[in-house]
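Accompanying notes for the structure given below.
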Ligand SMILES: Cc1cc2nc3c(=O)[nH]c(=O)nc-3n(C[C@H](O)[C@H](O)[C@H](O)COP(=O)(O)OP(=O)(O)OC[C@H]3O[C@@H](n4cnc5c(N)ncnc54)[C@H](O)[C@@H]3O)c2cc1C
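In the working numbering, the protein residues as written are -15 to 388.
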């Protein structure tokens, strides 16, 4: 990915983002943060709120990489996930995951309100629906599990979509927003009182207390790697996550559905809307595919264009892009210290295309750890947790196919 692709994403094209200077020279702060996506910028704000100084060092522009290429649903409804989490981690930890997501959503709302950030946050119900018989029982079970975990889930067939569905689960109290406006707006609140945000400053070398670019250094008590995937060999997260890509399009839409939607089966279809320049746009993501497979990209891009035009009186497509995220081998993100000794780097990765709520919750954990405080959600997300053997065969197969 290069900077020239940024303008192809609807969010980056419709955000007036402030510019930040490049790092030049040497400085010292309490916490250095590498990476200015939703994780890095939120962590910077929360660490500054705790009375510490931060320096965030971003290789390109804040908020414009994976975060600025997402569909930006703020939801704890992550496809059909909670029954898997209960099976792999037990109900108590799955409840921590659920709590962290809901808290992440509420924190985005609170930060935008506190700092007057125009992030186009709009309350919306979130739906996962199916028209495939074989997913109906999974949806029914997910609602049952989600309710037990305290999530706002109900079973329904009324979705507001312009077609009937066999079954759907509805989550209330969810929202959607403009990711680039939010992250860039939040970043603009960080500089001052000894804290800094730098753009166009790629970190080339790092130690647990120092980051180095070609024009400067930041020395700190702790270094946060908010780089989507931690850099280099740190924690070997490249070997515990697998990448997935998805095509995304944005087009003016005539039949506007009232919620945010995703189907359970394949090919995947995810839709939400956003208003810009007096028009309502649909932002639609398609089936995931392994990066480096251009035929899949073409097929799934064409599939969402067809699906959108067929059901929603939409078009022409004005923006097309591809986004990628990493999924952890055992289905839960890795957040916290990269090594169990409490040293090393603070990291957050493996959001499985749900890093808006997860990334904000991760920043809350990182901010606590950076101040030397515990965080109860670590029991679920611990970045240095022992990898369950159960995840290994599936993971090895995934990575072998990505590499093929
Ligand atoms: C198609 C798609 C749709 C999605 N939709 C949703 C959604 O609706 N809701 C949801 O919750 N999640 C969604 N996600 C997931 C979500 O977008 C991501 O999980 C999240 O944005 C990741 O944030 P991040 O801060 O970790 O990464 P990023 O936003 O990529 O930020 C990392 C930053 O680190 C910088 N960086 C990297 N290396 C260096 C270096 N050496 N020096 C300095 N800086 C560096 C990068 O330039 C980048 O800006 C979606 C994902 C995909 C693929």
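For glycine and all other residues, C-beta sits at the position ideal for the given N, C-alpha and C.
Legend entry - Heavy atom of ligand 1 within 7 Å of residue 41 beta-carbon: Taking the chain shown and counting its residues from 1, one reaches residue 41 at position 57. At least one heavy atom of ligand 1 sits closer than 7 Å to the Cβ of residue 41.
Legend entry - Proximity of residue 57 and residue 160 at Cβ, strictly below 8 Å: Taking the first residue of the chain shown as position 1, residue 57 is located at position 73. Taking the first residue of the chain shown as position 1, residue 160 is located at position 176. Yes; because the gap between Cβ atoms is below 8 Å, this pair is in contact.
Inset, instruction - Return the residue from the list 286, 188, 362 that minimises the CA-CA distance to residue 43. - result: What you label residue 43 is simply residue 59 of the chain shown in a count that begins at 1. Looking only at 286, 188, 362, the smallest Cα-Cα distance to residue 43 is reached by 188.
Legend entry - Buried versus exposed, by CB contacts within 10 Å (16 or more), residue 98: Numbered from 1 along the chain shown, position 114 holds the residue referred to as residue 98. Counting other Cβ atoms within 10 Å of its Cβ, residue 98 stays below 16 and is therefore classed as exposed.
Inset, instruction - Would you mind reading off the limits of the alpha helix (DSSP H) that contains residue 287? - result: Taking the first residue of the chain shown as position 1, residue 287 is located at position 303. Taken as a continuous stretch (DSSP letters only), the alpha helix (DSSP H) holding residue 287 covers 278 to 296.
Inset, instruction - Identify the continuous beta strand (DSSP E) that holds residue 182 and give its terminal residues. - result: Here residue 182 refers to the residue found at position 198 when the chain shown is read from its first residue. 180 to 182 is the extent of the beta strand (DSSP E) around residue 182.
Legend entry - Distance between beta carbons of residue 46 and residue 25, contact taken as under 8 Å: Sequence index remark: in the chain shown, residue 25 carries index 41 (1-based). Sequence index remark: in the chain shown, residue 46 carries index 62 (1-based). Between residue 46 and residue 25 the Cβ distance is about 6 Å, and since that is below 8 Å, they are a contact.
Inset, instruction - Measure the Cβ-Cβ separation of residue 236 and residue 211 and say whether it is below 8 Å. - result: Residue numbering aside, residue 236 sits at position 252 when the chain shown is read from its first letter. Residue numbering aside, residue 211 sits at position 227 when the chain shown is read from its first letter. Their beta carbons are not under 8 Å apart, which means residue 236 does not touch residue 211 by this criterion.
Legend entry - Same chain, Cβ closer than 8 Å to residue 389, neighbours up to 5 away in sequence not counted: Given that the chain is displayed from residue -15 to residue 388, the structure contains no residue 389 and the question cannot be resolved.
Inset, instruction - Would you check if the distance between the CB atom of residue 397 and the CB atom of residue 322 is smaller than 8 Å? - result: One cannot answer for residue 397 here, as it falls past the ends of the chain, which runs -15 to 388.
Inset, instruction - With DSSP collapsed to three states, give me the class of residue 51. - result: Taking the first residue of the chain shown as position 1, residue 51 is located at position 67. In this structure, residue 51 counts as helix in the three-state DSSP scheme.
Inset, instruction - Please state whether DSSP places residue 190 in a helix, a strand or coil. - result: The residue you call residue 190 lines up with position 206 of the chain shown. Strand, per DSSP.
Inset, instruction - Could you tell me the boundaries of the beta strand (DSSP E) in which residue 231 lies? - result: Sequence index remark: in the chain shown, residue 231 carries index 247 (1-based). Taken as a continuous stretch (DSSP letters only), the beta strand (DSSP E) holding residue 231 covers 225 to 236.
Legend entry - Distance CB(residue 319)-CB(residue 365) smaller than 8 Å: Within the chain shown, the letter at position 335 stands for residue 319. Within the chain shown, the letter at position 381 stands for residue 365. The answer is yes: Cβ separation under 8 Å.
Inset, instruction - Please confirm whether any heavy atom of ligand 1 lies closer than 7 Å to the CB of residue 354. - result: The sequence position of residue 354 within the chain shown is 370, counting from 1. Checking the Cβ of residue 354 against ligand 1 gives no.
Inset, instruction - Please name the residue in 296, 204, 22 whose C-alpha comes closest to that of residue 167. - result: Taking the first residue of the chain shown as 1, we reach residue 167 at position 183. It is 22.
Legend entry - Simplified DSSP state of residue 163, which is helix, strand or coil: Position 179 of the chain shown, counting from 1, holds the residue named residue 163. Helix, per DSSP.
Legend entry - Residues near residue 338 in its chain [Cβ-Cβ closer than 7 Å; skip 5 each side]: The residue labelled residue 338 in the question sits at position 354 within the chain shown. Within the same chain, residue 338 has close Cβ partners 62.
Inset, instruction - Find the nearest neighbour of residue 77 within the set 110, 134, 113, judged by alpha-carbon distance. - result: For the purposes of this step, residue 77 is taken as the residue at position 93 of the chain shown. The shortest C-alpha separation from residue 77 is found at 134.
Inset, instruction - With hydrogens ignored, establish whether the beta-carbon of residue 389 is closer than 7 Å to any heavy atom of ligand 1. - result: In the structure displayed, the chain extends from -15 to 388; residue 389 sits before or after that span and is not available.
Legend entry - Simplified DSSP assignment, three categories, for residue 115: Here residue 115 refers to the residue found at position 131 when the chain shown is read from its first residue. Of the three classes helix, strand and coil, the one that applies to residue 115 here is coil, per DSSP.
Inset, instruction - Given a cut-off of 8 Å, decide if residue 18 and residue 222 are closer than it, judged by their beta-carbon atoms. - result: What you label residue 222 is simply residue 238 of the chain shown in a count that begins at 1. What you label residue 18 is simply residue 34 of the chain shown in a count that begins at 1. Between residue 222 and residue 18, the CB-CB gap reaches or exceeds 8 Å.
Legend entry - Unbroken alpha helix (DSSP H) run spanning residue 9, endpoints: Against the chain shown, residue 9 aligns to sequence position 25. Looking at the DSSP string, residue 9 is not in any alpha helix (DSSP H); the run it does join, the beta strand (DSSP E), is 9 to 12.
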